[in-house]
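Some notes on the structure that comes next.
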Amino acid sequence: MNATARSTTTVAADAVETTAAGLAAEISTWFGENARDLPWRRAGFSAWGTLVSEFMLQQTPVNRVIPRLAEWLERWPTPGDLASVPPGEAVRAWASLGYPRRALWLHAAAVEITERHGGVVPHDVDDLLALTGIGDYTARAVAAFAYGHRHPVVDTNTRRVIARAVAGQAEPAPPSRRRDLEAMSQLLPEETVAAAVFNAAIMELGAVVCTSRSPRCEACPIRDACAWRAAGYPEYAGPKKAVQKKFEGSDRQVRGLIMAELRATHHPVTAAEIESLWPDAVQRDRALAGLLADGLAVCVDTGMYALSQG
DNA sequence: AATCCGGGGGT
DNA sequence: ACCCCAGGATT
Numbered sequence: 001m002n003a004t005a006r007s008t009t010t011v012a013a014d015a016v017e018t019t020a021a022g023l024a025a026e027i028s029t030w031f032g033e034n035a036r037d038l039p040w041r042r043a044g045f046s047a048w049g050t051l052v053s054e055f056m057l058q059q060t061p062v063n064r065v066i067p068r069l070a071e072w073l074e075r076w077p078t079p080g081d082l083a084s085v086p087p088g089e090a091v092r093a094w095a096s097l098g099y100p101r102r103a104l105w106l107h108a109a110a111v112e113i114t115e116r117h118g119g120v121v122p123h124d125v126d127d128l129l130a131l132t133g134i135g136d137y138t139a140r141a142v143a144a145f146a147y148g149h150r151h152p153v154v155d156t157n158t159r160r161v162i163a164r165a166v167a168g169q170a171e172p173a174p175p176s177r178r179r180d181l182e183a184m185s186q187l188l189p190e191e192t193v194a195a196a197v198f199n200a201a202i203m204e205l206g207a208v209v210c211t212s213r214s215p216r217c218e219a220c221p222i223r224d225a226c227a228w229r230a231a232g233y234p235e236y237a238g239p240k241k242a243v244q245k246k247f248e249g250s251d252r253q254v255r256g257l258i259m260a261e262l263r264a265t266h267h268p269v270t271a272a273e274i275e276s277l278w279p280d281a282v283q284r285d286r287a288l289a290g291l292l293a294d295g296l297a298v299c300v301d302t303g304m305y306a307l308s309q310g
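For the first sequence, counting from 1, position 101 maps to 101 in UniProt numbering; every step adds exactly one.
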């Protein structure tokens, strides 16, 4: 059952109206009064800034992104500025945001924007999707937030809010591009500006109120319309998410140690220095080989490694 | 559809 | 200890 299907129910005057339009209006009003003051919400924030922020926010929490974003935009205020430096500089400046190939991909996207789009971040979702490292979420987020275009934007927060408020389930089903966009389209206001606001508003609600664990339902603007609440907060019955392997002792940890060493120095790192980072030679070699294959590290001489020079 | 890919903070 | 985080690419 979706919000539209429940819309025939007459509700008390002070209750949240449970039409799609009513839900969107309530969430957007709440957002207007409770939105966090984030850099990418400042007036005049550039489309390039939005794109950089969205890359950084791919699996890295807001609070860790903010300081790096400021550094990046001061150093590389346009795509052309980033495109003009070696990719290794982007990887170094990425610091410990995690998943450093995002830095490589962001650099590649900057080059593509410079070469194919005259240095202007494209408006068109398909043009954005064609850029390295930009997928379904980021393409729509840039089009909607940087340029105000009307597109459904679906991130993990949005998926969770819809799963609860509309579908009455504790957690969203595994991501499905078509289903997720369809569900969000049902809620998205027709009017362009209202749509852009709502895209941000529902994400914010999921980020600060309708959180994955310990949701703050008492502070939720649509608690009276929430299907999950109405159903008595049933537990999630769908397929279990795969338990991610523990970080300690993983290849990812070893890759991270090597990358930290490469970032820390401005001269090539020797094989001996890399050896000192991890005792297991097989795993160490596998990690280094992976970094070389990914282009995150390069072999500048026999047994000498560095960040990508260009 | 499943796996891989960092790192840090909340519970 | 375990979970989660404004995901995307690859197989």
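Cβ atoms here follow ideal geometry from the backbone N, Cα and C, with glycine treated the same way.
Predicted model, so just to flag it, every value in this text is computed and none were measured.
query, result
"Coarse secondary structure for D136, derived from DSSP in three states", "helix"
"Coarse secondary structure for A167, derived from DSSP in three states", "coil"
"As assigned by DSSP and simplified to three states, the class of D301", "strand"
"Contact set for V125: own chain, Cβ-Cβ below 7 Å, skip 5 residues either direction", "A139, R140, A143, H151"
"Cβ neighbour criterion (16 or more within 10 Å) applied to V52", "buried"
"Where the alpha helix (DSSP H) through H107 begins and ends", "101–116"
"Runs of alpha helix (DSSP H) lying entirely within the region 29–79, each at least 4 residues, in chain order", "47–56, 62–75"
"Continuous alpha helix (DSSP H) stretch holding W94: start and end", "87–94"
"Same chain only: Cβ atoms within 6 Å of L128, ignoring 5 sequence neighbours per side", "P122, I134, A139, V142"
"Euclidean distance between Cα positions of H267 and R101", "21 Å"
"Whole-Å CB distance - R307 paired with R263, under 8 Å assumed", "This sequence places Leu at residue 307; Arg is not what is there. Yes, they are in contact, since the Cβ atoms of L307 and R263 sit about 7 Å apart, within 8 Å."
"Classification of S28 by the beta-carbon crowding that lies within 10 angstroms, buried from 16 upward", "buried"
"I258 - containing alpha helix (DSSP H), residue span", "251–264"
"Euclidean distance between Cα positions of P87 and V166", "44 Å"
"Residues bridged to L307 (per DSSP)", "A297"
"Residue burial classification, N63 (beta-carbon count within 10 angstroms, cutoff 16)", "exposed"
"For T19, three-class secondary structure by DSSP", "coil"
"Simplified DSSP assignment, three categories, for V121", "coil"
"Residues near D155 in its chain [Cβ-Cβ closer than 6 Å; skip 5 each side]", "Y137, M203"
"Option nearest V91 by Cα separation, candidates H107, P172, V243", "H107"
"C-alpha gap between Q309 and S84, whole angstroms", "12 Å"
"Short Cβ contact (8 Å threshold) for L291 with I258", "yes"
"Same chain only: Cβ atoms within 8 Å of D301, ignoring 5 sequence neighbours per side", "P268"
"Same chain, Cβ closer than 7 Å to R42, five either side skipped, listed in chain order", "none"
"Rounded Cβ spacing between P61 and T114 (contact assumed at less than 8 Å)", "Their Cβ separation, rounded to whole angstroms, is 30 Å, which puts P61 and T114 out of contact at 8 Å."
"Beta-carbon proximity of V209 to P215, cut-off 8 Å", "yes"
"Neighbourhood of residue 316 by C-beta, 7 Å cutoff - its chain only, sequence neighbours within 5 removed", "There is no way to answer for residue 316, as the model of the chain reaches only from 1 to 310."
"Own chain partners of A287 with C-beta closer than 7 Å, once the 5 adjacent residues on each side are dropped", "D251, V254, R255, I258"
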